[in-house]
Amino acid sequence: MEAIIQISNLDFYYGKFQALKNIHLSIPKNSIVALIGPSGCGKSTLIKVVNRMTELIPGTRVCGEILFEGKSIFDPKISITDLRKKIGMVFQQPNPFPLSIRDNIEYGPKIHGERDKNKLEQIVHESLDAVMLWDTMKDKLKQKATELLPDEQQRLCIARLIAVEPDILLMDEPCSTLDPMATLGIEELMEKLREKYTILIVTHNMQQAARVSQYTGFMLLGELLEYSETPLIFSKPKNKKTDDYISGHYG
Ligand SMILES: Nc1ncnc2c1ncn2[C@@H]1O[C@H](COP(=O)(O)OP(=O)(O)OP(=O)(O)O)[C@@H](O)[C@H]1O
Ligand SMILES: [Mg+2]
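Be aware that the sequence shown starts at 941, since it is given in our numbering, and climbs by one per residue.
See below:
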């Protein structure tokens, strides 16, 4: 399968501390890839490197290569704004802007220069539709986004990314603050989004990884110890440490 992201020989340092060690990871287009592993193993660091968010942290250093559609994301000629538009991120805590639902969605397209009212209207409609919020929100687009239910806020944050037409959605434990029903709702949404996007998700919830992803990577102490098709990781892990983790022996 065609890899949309190809990570090779990736090392990452916070000061002298090495948080990622020689990571190799290939992410096929239109797949959901889950990263699992105990707290502090480097999952969030890895997904943040993929859209160069870690560069905001002083004293950090990255070595190795990440290709996005065959081109280096570290190429000095590429624009970070464009990169983050193509590779968007959803966080643990839903973080809509304290603006109306409509303004949240229009924010990104406006920053990227969209001024046409009809086009913006269409983007709001399509983005909310993509996250299955249009029917419930279409008559209250002026409502403040921060007043929505937590899972609606998380959907809105995904819609806000979709509004700028990304290729990849990075999700760092997107359901960790949601109840089980809302979690299942977001998982169904992810399955639908996979038709158009590629998703890299960090999760502590192994059932979630098993349910939603096609490929799973198990990380430990900054290394990607095992990476393969999700059913294989959960039924026949090759590494004893993966086995220990998925059977709940640590983490
Ligand atoms: N800003 C930072 N400065 C220094 N060290 C950091 C920083 N952020 C993370 N680390 C360290 O890097 C390592 C990996 O952290 P990271 O947040 O990527 O782990 P994680 O797998 O996402 O953990 P969790 O499951 O708890 O979210 C940890 O040892 C952490 O303490
Ligand atoms: Mg994390």
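Heads up, the beta-carbon is just placed ideally off N, CA and C, and yes, glycines get one too.
Small disclaimer: the values here were computed from a predicted structure and weren't measured.
> How many whole angstroms separate the CB atoms of E1005 and S948, which I take to be in contact at a CB cut-off of 8 Å?
Replying inline: 5 Å
>> Given the structure, does Y954 come close to ligand 1, in the sense that its CB is under 7 Å from one of the ligand's heavy atoms?
In response: yes
> Can at least three beta-carbon pairs, one atom from the segment 973–980 and one from the segment 1143–1150, be found at a separation below 8 Å?
Replying inline: As far as the Cβ criterion goes, the segment 973–980 touches the segment 1143–1150, which means the pair count is three or higher.
> Which residue or residues does DSSP assign as beta-bridge partners of Y1167?
Replying inline: Listed as beta-bridge partners of Y1167 by DSSP are G1157.
>> Going by DSSP in three states, G1089 sits in which element: helix, strand or coil?
In response: The amino acid at residue 1089 is misidentified as Gly; the sequence shows Leu. If DSSP states are grouped into helix, strand and coil, L1089 belongs with coil.
>> Any contact between the segment 978–991 and the segment 1034–1052? By contact I mean 3 or more CB pairs, one from each, below 8 Å.
In response: Output reads no: the segment 1034–1052 does not touch the segment 978–991.
>> Distance check for K956 and L986, CA to CA, integer angstroms please.
In response: 17 Å
> Start and end of the beta strand (DSSP E) containing H964?
Replying inline: 957–968
> Is the closest heavy atom of ligand 2 to the C-beta of K988 under 7 Å?
Replying inline: no
> Opposite F952 in the DSSP bridges: which residues?
Replying inline: Under DSSP, the beta-bridge partners assigned to F952 are L960, V1002.
> At what residue ranges does the segment 1084–1133 contain a whole run of the alpha helix (DSSP H), taking only runs of 4 or more?
Replying inline: 1090–1102, 1120–1133
> Is M1072 helix, strand or coil when you go by DSSP?
Replying inline: coil
>> Counting C-beta neighbours from all protein chains within 10 Å, is the total for I1020 16 or more, i.e. buried, or is it exposed?
In response: exposed
> Taking the alpha-carbon positions, what's the N1035 to N1179 distance?
Replying inline: 37 Å
>> Could you check if K983 belongs to the surroundings of ligand 2, using beta carbon to heavy atom distance under 7 Å?
In response: yes
> K1011 to Q946, Cα distance in whole Å?
Replying inline: 9 Å
>> Just to confirm the assignment, what range does the alpha helix (DSSP H) spanning M1226 have?
In response: Given a span of 941 to 1191 for the chain in the structure shown, any question on residue 1226 remains unanswerable.
>> List, from N- to C-terminal side, the beta strand (DSSP E) runs of 3 residues or more that fit wholly inside the segment 1024–1063.
In response: 1027–1030
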